[in-house]
Amino acid sequence: MKRKSKSLIVMALCFTLFVSLLGGCENKKNDQKTDNSSESIDTAENTGTAESTDNTGSKDTSAETAMKYTPGTYTAKADGKDGTITVEVTFSETEITDINIVSQTETEGIGSEALKTIKEQVLSGQTLAVDAVSGATKTSDGFLSAIEDTVKQAGGDVDKLKANVVAKENEGKVEKLTADVVVVGAGASGVSAAVSASDKGAKVILIEKTATIGGASNLSWAGKFYNSSVALDNGVKVEVEKEISDWIVNNHWRVDAAAVRQYVTKSGETYDWLTSKGYNTTFINFGGEQLHMLPPYDTRQELLKNMLKESVEKSGGQVLTETTGKKLLTNDKGDVTGVSAEKKDGTTLEITAKSVVMATGGYAANAEMVKELFGFEGINGGLGQNVGEGLKMAWDIGAKVPDNVGGQMLHQTLSKATENLKKQYDSFEASYPLMLSYLPNFMNVGPSGARFRDEAATLTAVAAANTSAFNGPYHMVIVSKQQLEKLEEKGMSGVDAPSLPGMPPEFYADFKDQYTLENPWKNVVKVFDSMVENGDGYKGNTIEELATNAGMDVETFKDEYNNYMKAIKSGVDTEFGKKAEYLTPMGEEGPYYAVVAQINNLGSVGGLLVNTKFKVLNDQRVPIKGLYAVGLESEGVLFNDTYVGNGVGIGYSFTSGRLGGEDAADYALGSK
Ligand SMILES: Cc1cc2nc3c(=O)[nH]c(=O)nc-3n(C[C@H](O)[C@H](O)[C@H](O)COP(=O)(O)OP(=O)(O)OC[C@H]3O[C@@H](n4cnc5c(N)ncnc54)[C@H](O)[C@@H]3O)c2cc1C
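Quick note on the working numbering: the sequence shown kicks off at 1166 and runs consecutively.
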């Protein structure tokens, strides 16, 4: 990574952080102090940022700022991340007195927590100047816009409420804490590091930016723990040496062979370790791959919290949520000596520790950084709060930006149409366009109208995502009238689908019963017409019309279409070698539709170079004393420029956390 790029990255980060700070401050009364033994110093005056603000964060009902409403209860709806949020808001003549969330389907533990936080802030501050909750931006924005709607209905002044910025109660206050090991970030890797460090006898403080424990593991399906006891019990064994050498070749040798070996040979133990901690996974033989399905979604966070309670908290450590790591503390030799962090109420925490473990999950939500480092402009399907703060903290004190920085976890295909269709149709029908994008039987073209791959690539998540991303932020799946008729009549078997679309299970959880190859796709034409009406796909009575409407180059698309028709007729695809069995007839007549398929980036991979003790290296590739990195931010040692694998994200996060936490504890306690 060159210096120029490094400074651009830092600028991108600064911009993102600046924007996220603009939206106003929180006003909630200070949480109780978590550690009675911590020192507490007031270093600055608490200065409010708006006229209507007082230092205590309490509501201001002075004549100048008092609001006027028509008393009553008003209802409004808005789109959240996963569906409609309906609210009933009650107003007195001068105040918002209650917010009742009538219905919502937001992600349990993330979106649902955000709703509670925002409700509390709006009510206690009588304000709409409320930041979106980290990791739940869509939920927060939807909820706030529904409340805004009710304010308008009640005759209130929305602009005035948005200007009512309430200062953080404890801005300027500094608290000092000490620990042996501080872990920054409480995803799978951070929790594992905290628990394993604590089990080694270290006093651990774990800080987490959001109110949620578990990070992206809460959204994931399965992890790979090589040759785990359960895999072997089920008769599925991986040949270790072959796996390692294939891995290295498949990543063009540009990986750390020792790190690959460590993951392949040590991850099996992680399965037993998790089981011993009560985090039970279920083995799946996934075509010979050893996957372990994570516990049910609604139990995971509690299981991780319990692990922390039983080790970190029982042995005198702390878990501090809604606390954001801001800066690494160093001594005059450049060794890391702790972390400076900020609590939700504005208090600065200065935590002194021998070892600091970075586990902040990368920067996939920082679009500028992803574009700068990887060139990808598609969708972020990972955590909205992962904007690269942890990487910046480490780079600022001299951590090396690895040569292969930029890798992303492109692993899913989405259809632009799904979200709007879900408002009009049941889940199965709304997912028709999405399902087509996971089948090899349809012509796929890039934005220009040129075909770009053997569509059988759709059968493997990584191949599907990366072949598409190389061609831009989206591609189009072309489907003809004849194919829609076959789908309507015989379901996916009507278009010769070889197997069910390989979508992640959460995509079809709510229509599992209908998810068969034979189930007829009723209403399919209506659904596709709605997709076009919603502006989420294209239609044309002729090939030329489709190309024009979809913004393709008409001549390019015509040529490609004609070549594809020849391949269907002859059974030989001279352009991409697609097997004859996937060259499903399209018929000769329109209309034709184009589904817009987008690529979902689940996370950034890498950013810090580590050795096999998870010590972060500097520009000379020498460990920075006291600094460790685990999880996604250290995962660049396993992959060249992009994530290749199933279950490695989860498998490596738990494994690197477990091992890195032990190393950090050993260093802190002086045994290494
Ligand atoms: C939708 C989805 C599905 C997935 N499915 C799978 C799957 O089936 N199998 C698989 O192997 N992988 C999957 N992955 C990838 C896998 O979840 C991740 O690789 C893994 O969970 C990353 O763990 P982590 O601990 O490194 O980071 P994260 O889980 O991202 O945790 C980082 C934590 O750090 C916190 N944080 C960020 N900045 C700060 C800061 N400044 N201060 C304090 N805290 C901070 C964040 O809030 C977060 O809690 C999926 C990812 C997504 C998004």
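Where a beta carbon is used, it is the ideal one built from N, C-alpha and C, also for glycine.
Only a predicted model underlies this, so the values are computations on that prediction, with no experimental measurement involved.
Using 6 angstroms as the cut-off, classify the Cβ of residue i as near or not near the heavy atoms of ligand 1, replying yes or no.
i, result
"GLU1507", "no"
"ASN1450", "no"
"LYS1374", "yes"
"LEU1469", "no"
"LEU1767", "yes"
"GLN1573", "no"
"GLN1291", "no"
"ASN1551", "yes"
"ILE1815", "yes"
"TRP1438", "no"
"LEU1384", "yes"
"VAL1809", "no"
"VAL1349", "yes"
"ALA1387", "yes"
"GLU1487", "no"
"SER1361", "no"
"GLY1546", "yes"
"GLY1276", "no"
"LEU1797", "yes"
"ALA1381", "yes"
"GLY1772", "no"
"GLU1554", "yes"
"GLY1846", "What the structure shows of the chain is the stretch from 1166 to 1837, and residue 1846 is not part of that stretch, so it cannot be assessed."
For the beta strand (DSSP E) containing residue i, list its first residue and its last residue.
i, result
"GLY1503", "1501 to 1508"
"GLU1515", "1513 to 1517"
"MET1574", "1573 to 1580"
"MET1641", "1639 to 1645"
"ILE1449", "1447 to 1451"
"THR1495", "1488 to 1495"
"GLU1340", "1338 to 1343"
"LEU1767", "1757 to 1769"
Run through DSSP, which three-state label would residue i get?
i, result
"ARG1419", "coil"
"VAL1425", "helix"
"LEU1459", "coil"
"PRO1605", "coil"
"THR1739", "coil"
"ALA1830", "helix"
"LYS1246", "coil"
"LYS1483", "Residue identity check: residue 1483 is Gln in the sequence provided, not Lys. If DSSP states are grouped into helix, strand and coil, GLN1483 belongs with the strands."
"SER1836", "coil"
"ASP1591", "coil"
"ARG1618", "coil"
"GLY1388", "strand"
"GLY1659", "helix"
"GLY1700", "coil"
"TYR1747", "helix"
"PRO1788", "strand"
"MET1668", "coil"
"GLY1352", "strand"
"GLN1550", "coil"
"PHE1819", "helix"
"LEU1711", "helix"
"ASN1706", "coil"
"SER1217", "Confidence is the limiting factor: at SER1217 the pLDDT is only 32, short of 50, which leaves the residue's position unreliable and the question unanswerable from this model."
"TYR1234", "coil"
"GLY1825", "helix"
"ILE1378", "coil"
May I ask which residues mark the beginning and end of the alpha helix (DSSP H) holding residue i?
i, result
"TYR1730", "Looking at the sequence provided, one finds Met at residue 1730 rather than Tyr. From DSSP, the alpha helix (DSSP H) with MET1730 extends over 1719 to 1735."
"SER1289", "1276 to 1290"
"SER1310", "1302 to 1318"
"ALA1530", "Careful: ALA1530 lies outside any alpha helix (DSSP H) and carries neither H nor E."
Mind reading off the beta-carbon distance from residue i to residue j? Whole number of angstroms is fine, and I expect it under 8 angstroms.
i, j, result
"ALA1359", "VAL1501", "The Cβ separation is near 17 angstroms, so there is no contact."
"MET1523", "ALA1794", "4 angstroms"
"ALA1529", "SER1769", "5 angstroms"
"VAL1761", "SER1592", "Actually they are not in contact, since the Cβ atoms of VAL1761 and SER1592 sit about 19 angstroms apart, beyond 8 angstroms."
"VAL1298", "THR1282", "5 angstroms"
"PRO1756", "LYS1651", "That belief does not hold up - the Cβ atoms of PRO1756 and LYS1651 are roughly 15 angstroms apart, past 8 angstroms."
"ALA1616", "THR1632", "A small correction: the amino acid at residue 1616 is Arg; Ala does not occupy that position in the sequence shown. Not quite, the Cβ-Cβ distance comes to about 11 angstroms (not below 8 angstroms), so this is no contact."
7 angstroms is my cut-off, CB to CB: does residue i come that close to chain C?
i, result
"GLU1467", "The structure shown contains no chain C, having only a single protein chain."
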